[in-house]
Ligand SMILES: Cc1ncc(COP(=O)(O)O)c(C=O)c1O
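Residue numbers (this note's numbering): -16 to 360.
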């Protein structure tokens, strides 16, 4: 019989009491952990430069602001997938740039074949690959398209830490890449974003942006520590039923917001992040093993389709995406939830249907499906 007080959360990093206690002790006694954490990330990614900021959204915003300062031509558009996390267009808007959508292929959840080629790239500053659900995007093709047009590439691996394509880690393909240490990610420090690059020029532009950011206050750090304790206590299936039964917490819901701060990373959170980051290989291996099992077990067919990784990709499987016939979607979700499995319908709409983006979507004459409001400027 199903245990009513057991619910598997849709996302999160397993974290024990020992992790929390060690991290709190280290946060109070050691000042150098952030430096070590940065070095660990830099070495693992194999990049020359790495910096930490408050969130993944802040990292994407700052990356775009940095690229904007490097551009002499006043290009002001950023190409993103037409279906992705709402944080991506919100970061573009927060950086004062315009969103240009490129179609997504539902069978890969990556840019559709020819979608980039169909765009007028003359005002495009950057293209953002979003490696959705930890399935690496086709960065070799995206990079080729961008290089031919002098467009910057942002390899947004907020969802794909631990993944790779063509033997190269996700996040390191572009002119600049990023990771997130948010609560729902493969490695968490409650909040946190990372910028990586091997370009001296881009690194300098990022440093200019990061240098002037406000640092975390004591109250914010104490709040992070308190959240960490609650997270460790309630993320386990034996505890998650509690927050899951409180709708006002809004768990698993997606909102479009641009009012997040651009700030420094909270050094108090470095010990827990660094500790979990050291387990990244084990975390990723477990996720891949779970995905293999589901791939073998699920009754694939026209009403339930899988999203196979791109050729040469090693996914991080932040989520295990499946395509369900719309007629059955709600039934399937309700059945999974009734069995204590935190499945979600993911992002509620395509980016073109986010009302707050009205006026920020850029389309052109040749692009017919780039936005719902072709008159937007
Ligand atoms: C693709 C992508 N980019 C950026 C972000 C923003 O990261 P954060 O939640 O740390 O702000 C997210 C968040 O999930 C994301 O999925």
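Using N, Cα and C, we set each Cβ at its ideal position, and we do this for glycine too. Model, not experiment: these values are computed from the prediction.
Considering only -3, 302, -8, the residue with the shortest C-alpha distance to residue 256 is -3.
Taken through DSSP and simplified to helix, strand or coil, residue 20 comes out as helix. DSSP places residue 109 in no alpha helix (DSSP H) but in the uninterrupted beta strand (DSSP E) bounded by 107 to 112.
For the options 98, 161, 282, 23, the alpha carbon positioned closest to that of residue 40 is the one of 161.
The residues 237, in chain order, have a CB closer than 6 Å to that of residue 330 in the same chain once the five nearest residues on each side in sequence are set aside. Of 145, 340, 4, 195, the smallest CA-CA separation from residue 45 is found for 195.
For residue 73, the enclosing alpha helix (DSSP H) begins and ends at 70 to 77.
Excluding sequence positions up to five before and after residue 72, its CB lies within less than 8 Å of the CB of 63, 82, 239, 334, 337, 340, 343, all in the same chain and listed in chain order. Between residue 33 and residue 61, the alpha-carbon positions lie close to 23 Å from each other. Distances taken from the Cβ of residue 49 to the heavy atoms of ligand 1 include none shorter than 7 Å. Contact between the region 144 to 159 and the region 315 to 324 is not established, with fewer than three Cβ pairs separated by less than 8 Å.
One alpha carbon belongs to residue 51, the other to residue 241, and they sit about 18 Å apart. Annotation: the continuous beta strand (DSSP E) that includes residue 33 extends over 32 to 36. Residue 202 has its alpha-carbon roughly 44 Å from the corresponding atom of residue 291. Counting C-beta pairs with one atom in each stretch, the region 213 to 226 and the region 270 to 282 have fewer than three that are closer than 8 Å, which means they do not touch.
Counting along the chain, the unbroken beta strand (DSSP E) around residue 138 starts and ends at 135 to 139. Distances between the C-beta of residue 144 and the heavy atoms of ligand 1 are all 7 Å or more.
Shortest gap from the CB of residue 138 to any heavy atom of ligand 1: 7 Å or more.
Cα atoms of residue 229 and residue 249: separation of roughly 28 Å, rounded to the nearest angstrom. Each of 247, 152, 211, 108 was checked against the Cα of residue 1, and the nearest Cα belongs to 211. In this structure, -5 is the residue among -10, 47, -5 with its C-alpha nearest to the C-alpha of residue 165. For the pair residue 185 and residue 28, the CB atoms are not nearer than the 8 Å cut-off. Distances from the alpha-carbon of residue 259 to those of 42, 56, 20, 170 put 170 closest. Between ligand 1 and residue 163, a heavy atom-to-CB distance of less than 7 Å is present. DSSP lists no bridge partner for residue 189. Around the beta carbon of residue 322, a 10 Å sphere encloses fewer than 16 other beta carbons of the protein chains shown; the residue is thus reported as exposed.
Within the same chain, and ignoring the five residues on either side of residue 192 in sequence, the residues whose Cβ sits closer than 6 Å to its Cβ are 45, 48, 49. For the options 305, 180, 14, the alpha carbon positioned closest to that of residue 115 is the one of 305.
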